[in-house]
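Novice:
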Amino acid sequence: MGQEALKDVFREQMGQAPGRLNAGELNDLWISLSLPALEVDWAALFRDFCQQHGEPVFFNNGWLLFPDSWQHSAVSHQGPILPPPSDPMAAAQLKQTYRQIRTTVLRRQWAELDSLLHRLRRLEAERGGLERVVRDGRGNVVRSEPLNLSELQDRLDWLAEQLQEQP
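Position one of the sequence shown corresponds to residue 668 (the numbering used here), numbered consecutively onward.
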C-alpha cells in the first residue's frame with residue numbers, strides 16, 4: 668500500500684475526507700502503524716486484585732466490598748477501584764457494613780445447611796445409605812458415590828464458629 672493510500676485510510680478512520688495530511692497527522696499515522704496490537708487481560712488483573720485484597724467478597728451498592736475495605740466495580744473487570752476511605756468515620760462505617768453483610772450471609776448459609784442436614788439425616792434414617800451423583804462438565808452423570816454427611820457437618824460447625832467470632 669502506498670503512502671497516499673495509507674493517508675486516505677488514516678483520514679477515513681479519523682472521519683476526515685481524503686487528501687493531504689499535515690505534519691501532526693502524518694506523525695500520528697506513523698506512530699499508529701508502528702505500534703503492535705495490545706489487549707489488556709482485565710480478567711487476570713481482577714483475579715490478582717481479588718487475591719491481594721482477600722475473601723470473602725460481598726456485593727454492596729454496585730461495588731464488590733473486600734475485607735480490607737477496598738472496593739471494585741461489580742460490573743466490569745476494568746474497574747474502577749476504590750481504596751478504603753481516608754476519613755476514619757467513613758472507614759469505620761464501611762468496615763461495619765462489611766461485618767453486617769458477612770454476618771447476614773453466614774446466618775443464611777448456616778440456616779440453609781442446618782435444614783439440609785436435618786432433611787438428609789431423616790432420609791438416611793428412613794432409607795439407609797445415601798448416594799450423591801457426580802456429573803462431568805457437560806452435566807452428564809458420571810457415577811454415584813456415598814454421601815458423606817460429616818463434610819456437611821464440618822462446614823456447619825465452621826459457619827457456627829465464624830458467627831461466634833463476629834462482633
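C-beta: ideal position from N, C-alpha, C; glycine also.
When the Cβ atoms of the stretch 733-743 are set against those of the stretch 713-724, are three or more pairs found closer than 8 Å?
Specialist: Output reads yes: the stretch 713-724 touches the stretch 733-743.
Novice: Would you say glycine 795 and proline 813 are within 9 Å of each other, going by their C-beta atoms?
Specialist: Taking the sequence shown and counting its residues from 1, the one referred to as residue 795 is at position 128. Taking the sequence shown and counting its residues from 1, the one referred to as residue 813 is at position 146. The answer is no: Cβ separation not under 9 Å.
Novice: Would DSSP call proline 755 helix, strand or coil?
Specialist: Numbered from its first residue, the sequence shown carries residue 755 at position 88. If DSSP states are grouped into helix, strand and coil, proline 755 belongs with the helices.
Novice: Starting from proline 813, follow its DSSP beta bridges and name the residues at the other end.
Specialist: As a working note, residue 813 is residue 146 in the sequence shown. According to DSSP, proline 813 bridges with Glu798.
Novice: Which partner residues of valine 808 appear in the DSSP bridge assignment?
Specialist: Indexing the sequence shown from 1 puts residue 808 at position 141. Its beta-bridge partners are Arg802.
Novice: Please list the terminal residues of the continuous beta strand (DSSP E) segment that includes leucine 732.
Specialist: The residue labelled residue 732 in the question sits at position 65 within the sequence shown. 730-732 is the span of the beta strand (DSSP E), which, as asked, contains leucine 732.
Novice: Could you work out which residue in Arg810, Gln776, Asp781, Ile768 is closest to phenylalanine 725 when comparing CA atoms only?
Specialist: Here the question's residue 725 lines up with position 58 in the sequence shown. Looking at the Cα atoms, Ile768 is the closest of the given residues.
Novice: Secondary structure at glutamine 745, three-state DSSP: helix, strand or coil?
Specialist: Residue numbering aside, residue 745 sits at position 78 when the sequence shown is read from its first letter. It is coil, neither helix nor strand.
Novice: Count the C-beta pairs between the stretch 778-789 and the stretch 741-753 that are closer than 8 Å, then say yes if the count reaches three, no if not.
Specialist: In short, these stretches do not touch, since the Cβ pair count stays below three.
Novice: Any idea what DSSP makes of glutamine 776, helix, strand or coil?
Specialist: By one-based count along the sequence shown, residue 776 stands at place 109. Glutamine 776 falls in the helix class under three-state DSSP.
Novice: Quick check on the burial criterion: 16 or more other C-beta atoms within 10 angstroms. Buried or exposed for leucine 761?
Specialist: For the purposes of this step, residue 761 is taken as residue 94 along the sequence shown, with counting starting at 1. It counts as buried.
Novice: Would you list the residues sitting across from serine 740 in a DSSP beta bridge?
Specialist: Position 73 of the sequence shown, counted from the start, is the residue given in the question as residue 740. Trp730.
Novice: Report all residues from its chain with a CB closer than 7 Å to the CB of aspartate 803; omit the five preceding and five following residues, and keep chain order.
Specialist: Sequence index remark: in the sequence shown, residue 803 carries index 136 (1-based). Here the set comprises Val809.
Novice: Do the CB positions of phenylalanine 733 and histidine 744 come within less than 9 Å of each other?
Specialist: As a first step, residue 733 must be located in the sequence shown, where it is residue number 66. As a first step, residue 744 must be located in the sequence shown, where it is residue number 77. No, these two residues do not count as a Cβ contact at 9 Å.
Novice: Give the DSSP bridge partners of phenylalanine 725, in chain order.
Specialist: Residue numbering aside, residue 725 sits at position 58 when the sequence shown is read from its first letter. According to DSSP, which records beta bridges pairwise, phenylalanine 725 is partnered with Leu732.
Novice: Could you tell me if leucine 773 is buried or exposed, where buried requires 16 or more neighbouring beta carbons within 10 angstroms of its beta carbon?
Specialist: In the sequence shown, counting from the first residue as 1, residue 773 sits at position 106. Counting Cβ neighbours within 10 Å, leucine 773 comes out buried, since at least 16 surround it.
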